[in-house]
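Numbering (full-length UniProt numbering), first residue to last: 1 to 269. C-beta atoms are modelled at their ideal positions from N, C-alpha and C, and glycine is treated no differently. Here the structure comes first, spelled out in structure tokens, and everything after it is commentary.
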Amino acid sequence: MTTLVTGATGNTGRHVVAELVRRGERVRALTRDPAAAKLPSGVELATGTHTAPETLGAALDGITRLHITVTAGLAEVGEELVRRAVDAGVRRITIVWGGAVGPVERAVADSGVEWTRLEPQEFMSNTLTWADSIRAEGVVREPYDFPSALVHEADIGAVAAAALVEDGHAGRAYNLTGPEPLTLRERLAILSKAIDRDIAFDRISHQQAIDRLMAMGVSQADADYVIGWYAAPPTEAATVDDTVPRVLGRPARTFTDWVTEHAHRFRTP
Numbered sequence: 001m002t003t004l005v006t007g008a009t010g011n012t013g014r015h016v017v018a019e020l021v022r023r024g025e026r027v028r029a030l031t032r033d034p035a036a037a038k039l040p041s042g043v044e045l046a047t048g049t050h051t052a053p054e055t056l057g058a059a060l061d062g063i064t065r066l067h068i069t070v071t072a073g074l075a076e077v078g079e080e081l082v083r084r085a086v087d088a089g090v091r092r093i094t095i096v097w098g099g100a101v102g103p104v105e106r107a108v109a110d111s112g113v114e115w116t117r118l119e120p121q122e123f124m125s126n127t128l129t130w131a132d133s134i135r136a137e138g139v140v141r142e143p144y145d146f147p148s149a150l151v152h153e154a155d156i157g158a159v160a161a162a163a164l165v166e167d168g169h170a171g172r173a174y175n176l177t178g179p180e181p182l183t184l185r186e187r188l189a190i191l192s193k194a195i196d197r198d199i200a201f202d203r204i205s206h207q208q209a210i211d212r213l214m215a216m217g218v219s220q221a222d223a224d225y226v227i228g229w230y231a232a233p234p235t236e237a238a239t240v241d242d243t244v245p246r247v248l249g250r251p252a253r254t255f256t257d258w259v260t261e262h263a264h265r266f267r268t269p
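Rendered as structure tokens:
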């Protein structure tokens, strides 16, 4: 059986690919730019994007399992993507939600095939948004400091791979967190120790945070949603869930683990 991974070079998609390869599975990776993809050897590359499902006939040919990551623009075409996948012979789908159960998530649940929905809380990789300001100034500017049980994106990928290849996960919605809730200041302390540099926290206003996202090309609606989440995070965001260790049979990766892997990206050259 072959699995098609959409968004295969993204934050979580590349980890789904890597874990499936580690398990000895056949993988087809969907990416806009195969020439730039840095994926394990043996992975079949397919050109395209899941936000244009009408172009994915060849990519879906011979596929029995599908991994979807909900991204901007998918809500409008997600139902068509799921329909085309099922018509092509897909019998098992995993989906990383977009933060709520929307049209794509509902289409997967109503698809008539086995599905598993992954509901990760805050990604550890969000920390990379601080890299430029830490390298340049040794400072992080954010509007809020609250405890967050951040989850390592590799653990999300590993749970997705398990749900794709193992039985017993159908019809499940998995809340995914890391092993400990950490405030922003606690995260900065771990990062500061790893790069051997003091890092200051400069609190900015809610509106400044929205304006910063919009200056980066994020829409008003998406900026309001993201910063609104930080202003009033759900209880699940700070509550450690045992799904990762239950599914994987090992402890969830820690934020210290993540920092050890990525510390070089925060150091001044």
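Cβ of residue i within 8 Å of Cβ of residue j?
| i | j | result |
| --- | --- | --- |
| residue 4 | residue 28 | yes |
| residue 190 | residue 255 | yes |
| residue 32 | residue 56 | no |
| residue 88 | residue 45 | no |
| residue 138 | residue 209 | no |
| residue 107 | residue 76 | no |
| residue 198 | residue 141 | no |
| residue 253 | residue 178 | yes |
| residue 146 | residue 234 | no |
| residue 128 | residue 155 | no |
Considering only the alpha carbon of each residue, which of the options lies closest to residue i?
| i | options | result |
| --- | --- | --- |
| residue 63 | 164, 75 and 187 | 164 |
| residue 181 | 187, 148 and 91 | 148 |
| residue 94 | 210, 246 and 16 | 16 |
| residue 248 | 158, 178 and 204 | 158 |
| residue 188 | 143, 78, 214 and 134 | 134 |
| residue 126 | 214, 203 and 12 | 12 |
| residue 269 | 136, 214, 100 and 222 | 136 |
| residue 92 | 178, 68, 186 and 218 | 68 |
| residue 161 | 96, 75 and 178 | 96 |
| residue 38 | 80, 168 and 14 | 14 |
| residue 21 | 40, 211 and 121 | 40 |
| residue 109 | 169, 141 and 51 | 169 |
| residue 231 | 206, 239, 241 and 242 | 206 |
What residues match up with residue i in a beta bridge as DSSP calls it?
| i | result |
| --- | --- |
| residue 175 | 119 |
| residue 46 | 30 |
| residue 257 | Bridge partners of residue 257: none, in fact. |
| residue 203 | 142 |
| residue 182 | 148 |
| residue 68 | 95 |
| residue 114 | 92 |
Does DSSP put residue i in a helix, in a strand, or in coil?
| i | result |
| --- | --- |
| residue 109 | helix |
| residue 135 | helix |
| residue 92 | strand |
| residue 3 | strand |
| residue 101 | coil |
| residue 212 | helix |
| residue 166 | coil |
Can you find the residues in the same chain that come closer than 6 Å, C-beta to C-beta, to residue i, ignoring five residues on each side of it along the sequence?
| i | result |
| --- | --- |
| residue 111 | 82 and 86 |
| residue 66 | 4, 85, 90 and 93 |
Among the residues of its own chain, which have a CB less than 7 Å from the CB of residue i, if the five just before and after it don't count?
| i | result |
| --- | --- |
| residue 173 | 117 and 119 |
Who are the near neighbours of residue i in its chain, counting only those whose CB is closer than 8 Å to its CB and skipping five residues on each side?
| i | result |
| --- | --- |
| residue 213 | 222, 223, 226 and 227 |
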